[in-house]
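Here the structure comes first, spelled out in structure tokens, and everything after it is commentary.
Numbering (the working numbering), first residue to last: 18 to 221.
Pasting the structure below:
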């Protein structure tokens with residue numbers, strides 16, 4: 018199972034996530050997010066980062082050409098899309114050698130059907146919110162995915178994971194990956210290292 022620590026803004030948090038065993042570390046480039054990174058901050062972190070976990074750049078409704086420009090400047094190859102991006106845009110990014118994860122917000126059974134719109138990339142199942150584009154800090158109804166093992170096999174699951182609920186989730190589900198952000202934070206964008214260590218210990 019893959020592990021992604023998202024909403025990072027600091028080198029020490031990114032480094033610890035990798036040292037603890039994360040496969041991916043996520044950086045958000047959406048100006049309205051409290052975990053927003055500037056390109057300059059991201060490059061400063063990457064310049065000193067020595068870990069094995071792969072950086073992922075998270076965008077919301079950014080045009081593919083702007084994403085490609087960002088990737089060319091920073092060298093990043095893993096992208097997560099959290100807006101209303103289309104399959105055509107995803108295919109365009111993939112044709113330019115980027116690996117894509119597409120977030121789908123889960124509210125009810127109908128929202129699960131939206132995952133069928135994206136055939137060529139990994140899916141991130143996240144909690145629906147009327148205004149927020151991620152980082153909600155709440156779980157969605159896990160019963161909605163209980164009858165979709167084939168979807169879970171190719172999907173990363175997010176939404177309110179923390180030390181108190183991750184064990185219960187993994188006892189009942191086997192996703193391709195999990196994504197955690199607010200559940201291991203001190204404040205938005207600032208990770209709590211004790212919570213991070215406890216969280217990873219629960220995954221063993």
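Built from N, CA and C at the ideal position, the CB exists for glycine as well.
* To do: Report yes if the C-beta distance between residue 194 and residue 21 is below 8 Å; otherwise report no.
  => yes
* So is residue 97 buried or exposed if we call it buried at 16+ other beta carbons inside 10 Å? -> buried
* Asked: How far does the beta strand (DSSP E) with residue 69 in it reach, from first residue to last?
  -> Residue 69 -> no beta strand (DSSP E), and no H or E assigned at all.
* Excluding sequence positions up to five away, which residues of its chain have a Cβ less than 8 Å from the Cβ of residue 107? -> 98, 117, 119, 135, 137, 138
* Taking Cβ to Cβ, would you say residue 123 is nearer than 8 Å to residue 110? -> no
* Rounded Cβ spacing between residue 31 and residue 68 (contact assumed at less than 8 Å) -> 7 Å
* Asked: DSSP puts residue 118 in a beta bridge; with which residues?
  -> 97, 139
* To do: Indicate the three-state DSSP secondary structure (helix, strand or coil) for residue 47 in the structure shown.
  => coil
* For residue 66, which residues of its own chain have a beta-carbon under 7 Å away from its beta-carbon, when the five flanking residues on both sides are left out? -> 28, 31, 32
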